[in-house]
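Working notes, beginning with the structure itself.
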Amino acid sequence: MDQSKFENLAKEFMEDLKKVSSLDDLESLRVKYLGKKGILAGLFGEFAQISPEIKKDFGRKLNQLKNNIESKLSELHSEFFAGTEIGVSQFEKTLPGKKPQIGHLHPIITQAIREIVEIFKPLGFTQVRHPEVDWDYFAFESLNMPKTHPARDEWETFFVKAPENKEYGKLVVSPHTSSGQVREMLKNQLPIRMLNISRCGRRQIDVNHIPFFFQFEGLAIDKNLSIANLRGVLDYFAQKFFGPGRKTRLRPFHFRFTEPSFEVDVSCGLCQGAGCRFCKEGWVEIGGAGMVHPNVLKAGKVDPKIYNGFAFGWGVERTYMMKAGLKIDDMRYLGENNLKFLSQF
Ligand SMILES: [Zn+2]
Numbered sequence: 218m219d220q221s222k223f224e225n226l227a228k229e230f231m232e233d234l235k236k237v238s239s240l241d242d243l244e245s246l247r248v249k250y251l252g253k254k255g256i257l258a259g260l261f262g263e264f265a266q267i268s269p270e271i272k273k274d275f276g277r278k279l280n281q282l283k284n285n286i287e288s289k290l291s292e293l294h295s296e297f298f299a300g301t302e303i304g305v306s307q308f309e310k311t312l313p314g315k316k317p318q319i320g321h322l323h324p325i326i327t328q329a330i331r332e333i334v335e336i337f338k339p340l341g342f343t344q345v346r347h348p349e350v351d352w353d354y355f356a357f358e359s360l361n362m363p364k365t366h367p368a369r370d371e372w373e374t375f376f377v378k379a380p381e382n383k384e385y386g387k388l389v390v391s392p393h394t395s396s397g398q399v400r401e402m403l404k405n406q407l408p409i410r411m412l413n414i415s416r417c418g419r420r421q422i423d424v425n426h427i428p429f430f431f432q433f434e435g436l437a438i439d440k441n442l443s444i445a446n447l448r449g450v451l452d453y454f455a456q457k458f459f460g461p462g463r464k465t466r467l468r469p470f471h472f473r474f475t476e477p478s479f480e481v482d483v484s485c486g487l488c489q490g491a492g493c494r495f496c497k498e499g500w501v502e503i504g505g506a507g508m509v510h511p512n513v514l515k516a517g518k519v520d521p522k523i524y525n526g527f528a529f530g531w532g533v534e535r536t537y538m539m540k541a542g543l544k545i546d547d548m549r550y551l552g553e554n555n556l557k558f559l560s561q562f
């Protein structure tokens, strides 16, 4: 093998490089040396067949040459685009620049959650996190839903394949943020103003349900709290989040962990309460709320004779979708990574 072969090739390349005056020239040069059937490809073919004694040296020189050619080509390539001397003819200064795509915060996971947290802050509600995978005890039993209670069916729970805990039972994907209620009480720091925002999971998927969604849960435990306090908080939230003039109303309902329990409606933002196709007579349903059941307080080691409280738990996606002016006809979009859709918000 002729040792000067690489030196000559390097020289030849530098000569060729000097002749380049356009991007097309540059591309032809790249093909000549680095293309599939180019000079270097030929040398790599040779490399496979040469004797072991000189293989090491040959390989080193070949790689050196390749790196050198690559870096020189890329340098020149950048020069073309920087509009320096050689590229002047190709560089059109008057064309508007290409704007880089700038990302933004996710409408649910960041924007809506941050907004909700900020709204509740002045009322003393602090954001906390509780496990997204939790024991049956915290998800159901401590919330006044004993094992085998039919009310559990509504939660369409995902069970996790894991050994059962003697005290707390099976492991589940937390089906609601209410799982954090008793955990918060067990911290033994009264009074409580908790805002638990978390990912939850249920086996449901259609235009109004996604199997993984976010909920936010407000829990207040104190002395002498009443439904009036709950209403005050809900109205305050509705006006801050949906806009001034929005109202809430409570409809009697049944949940195991609150007594009395309510479904909460917000006045419709499209018709301002007059009634339209979107709403039912001027109201749209937003989620559940109620006064914390004494059994739940007991599970949290809070004395129901001294303390009481209220709680509400709503889906972040659903609440966000109801925001005035936002018409999203399929909730599943919010859980997908479709940038075209997400970049609108
Ligand atoms: Zn309406």
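Numbering (the working numbering), first residue to last: 218 to 562.
Yeah, the Cβ is synthetic: ideal placement off N, Cα and C, and Gly gets one too.
(message) Please classify M548 as buried or exposed, where buried requires at least 16 other C-beta atoms within 10 Å of its C-beta.
(response) It counts as buried.
(message) I'd like to confirm something about L487: is its beta-carbon nearer than 7 Å to some heavy atom of ligand 1, or not?
(response) Yes, ligand 1 has a heavy atom inside 7 Å of this Cβ.
(request) Would you list, in sequence order, the uninterrupted alpha helix (DSSP H) runs of no fewer than 4 residues that lie entirely inside the stretch 277-332? (result) None, since the stretch 277-332 contains no complete alpha helix (DSSP H) of that length.
(message) Assuming the contact rule is C-beta atoms closer than 8 Å, E401 and L436 should be a hit. Round their C-beta distance to whole Å, please.
(response) Indeed they touch by this definition, with Cβ atoms about 6 Å apart.
(request) Go to S221, then tell me how far its alpha helix (DSSP H) extends in each direction, as first and last residue. (result) It spans S221 to K236 - the alpha helix (DSSP H) in which S221 sits, taken as one unbroken run.
(message) Determine whether the beta carbon atoms of F223 and I286 lie at a separation below 8 Å.
(response) No, the Cβ-Cβ distance between F223 and I286 is not below 8 Å.
(request) In angstroms with no decimal places, state the Cα-to-Cα distance between F479 and C488. (result) Approximately 24 Å, taken between the alpha carbons.
(message) Once DSSP output is grouped into helix, strand and coil, what is the label at A265?
(response) Coil.
(request) With DSSP as the reference, label Q561 as helix, strand or coil. (result) In the structure shown, Q561 adopts coil according to DSSP, grouped into three states.
(request) Give the secondary structure of F337 by DSSP, where H, G and I count as helix, E and B as strand, and everything else as coil. (result) Helix, per DSSP.
(message) Would A329 pass as an interface residue toward chain B - the criterion being a Cβ-Cβ separation below 8 Å?
(response) In the structure shown, chain B does not exist; there is a single protein chain.
(request) Check the DSSP bridge columns for I409 and list the partner residues they point to. (result) Looking at the DSSP assignment, I409 forms a beta bridge with I438.
(request) Since I believe G504 is in contact with G530 (beta carbons under 8 Å), could you give me their beta-carbon distance rounded to a whole number of angstroms? (result) Beta-carbon to beta-carbon, G530 and G504 are separated by about 6 Å, close enough to satisfy the 8 Å threshold.
(message) Once the 5 residues before and after T394 are set aside, which same chain residues still bring their CB inside 8 Å of it?
(response) Correct list, in chain order: H347, N413, I414, S415, C417, Q432, F433, E434 and G530.
(message) Please tell me whether, using a cut-off of 7 Å, the distance from the CB of G492 to the nearest non-hydrogen atom of ligand 1 is below it.
(response) Checking the Cβ of G492 against ligand 1 gives yes.
(request) Quick one: give me the first and last residue of the alpha helix (DSSP H) that D241 is part of. (result) Per DSSP, the continuous alpha helix (DSSP H) segment holding D241 begins and ends at L240 to L251.
(request) Report back the beta-carbon spacing between N555 and N361 to the nearest angstrom; my notes put them in contact at under 8 Å. (result) Not confirmed; about 40 Å, so no contact.
(request) Kindly indicate which residue of Q406, V377 and L403 has the alpha-carbon position closest to the one of P392. (result) Residue V377 is the option with its Cα nearest to P392.
(request) Return the residue from the list Q456, L514, F562 and G492 that minimises the CA-CA distance to I333. (result) Among Q456, L514, F562 and G492, the Cα nearest to that of I333 belongs to Q456.
(message) I'd like to confirm something about G499: is its beta-carbon nearer than 7 Å to some heavy atom of ligand 1, or not?
(response) Answer for G499: yes, Cβ within range of ligand 1.
(request) Starting from E401, follow its DSSP beta bridges and name the residues at the other end. (result) DSSP lists no partner for E401.
(request) Indicate the three-state DSSP secondary structure (helix, strand or coil) for T343 in the structure shown. (result) In this structure, DSSP gives T343 an extended state, which the three-state scheme calls strand.
(request) Check each candidate in F470, V519 and F458 and name the one with the smallest Cα separation from S484. (result) For S484, the closest C-alpha among the options F470, V519 and F458 is that of F458.
(message) For a quick check, are the C-beta atoms of G386 and D351 less than 8 Å apart?
(response) Not closer than 8 Å, so no.
(message) Using a 10 Å radius around the Cβ and a threshold of 16 neighbouring Cβ atoms, would you call T475 buried or exposed?
(response) Burial check for T475: the Cβ neighbour count within 10 Å reaches 16 or more, so the residue is buried.
(message) Checking the sheet assignment: what are the DSSP bridge partners for L388?
(response) The partner list for L388 (beta bridge, DSSP) reads W352 and V377.
(message) Below 7 Å, is the gap between the Cβ of F459 and the nearest heavy atom of ligand 3?
(response) The ligand content of the structure shown is limited to ligand 1, which means ligand 3 is not among them.
(request) Over the uninterrupted beta strand (DSSP E) stretch that includes N512, give me the two end residues. (result) From DSSP, N512 is part of no beta strand (DSSP E) but of the alpha helix (DSSP H) over P511 to A516.
(message) ligand 1 and C417: does any heavy atom of the ligand fall closer than 7 Å to the residue's C-beta?
(response) Answer for C417: no, Cβ out of range of ligand 1.
(message) Could you check whether the Cβ of F495 sits closer than 7 Å to any heavy atom belonging to ligand 1?
(response) Yes; taking the cut-off as 7 Å, the Cβ of F495 has a heavy atom of ligand 1 nearer than that.
(message) Is the beta carbon of R419 closer than 8 Å to that of W372?
(response) Cβ distance < 8 Å, so W372 and R419 count as in contact.
(request) Inspect the beta-carbon positions of V519 and I444 and report whether they are closer than 8 Å. (result) Contact flag unset, no.
(request) Could you check which residue in R369, L559, N382 and N446 has the C-alpha nearest to that of H471? (result) H471 has its Cα closest to that of R369, out of R369, L559, N382 and N446.
(message) Between the alpha carbons of F355 and H323, how many angstroms are there, rounded?
(response) One C-alpha to the other measures close to 30 Å.
(request) Work out the CA separation of K273 and L293 for me, nearest whole Å. (result) When the Cα atoms are used, L293 and K273 turn out to be separated by approximately 31 Å.
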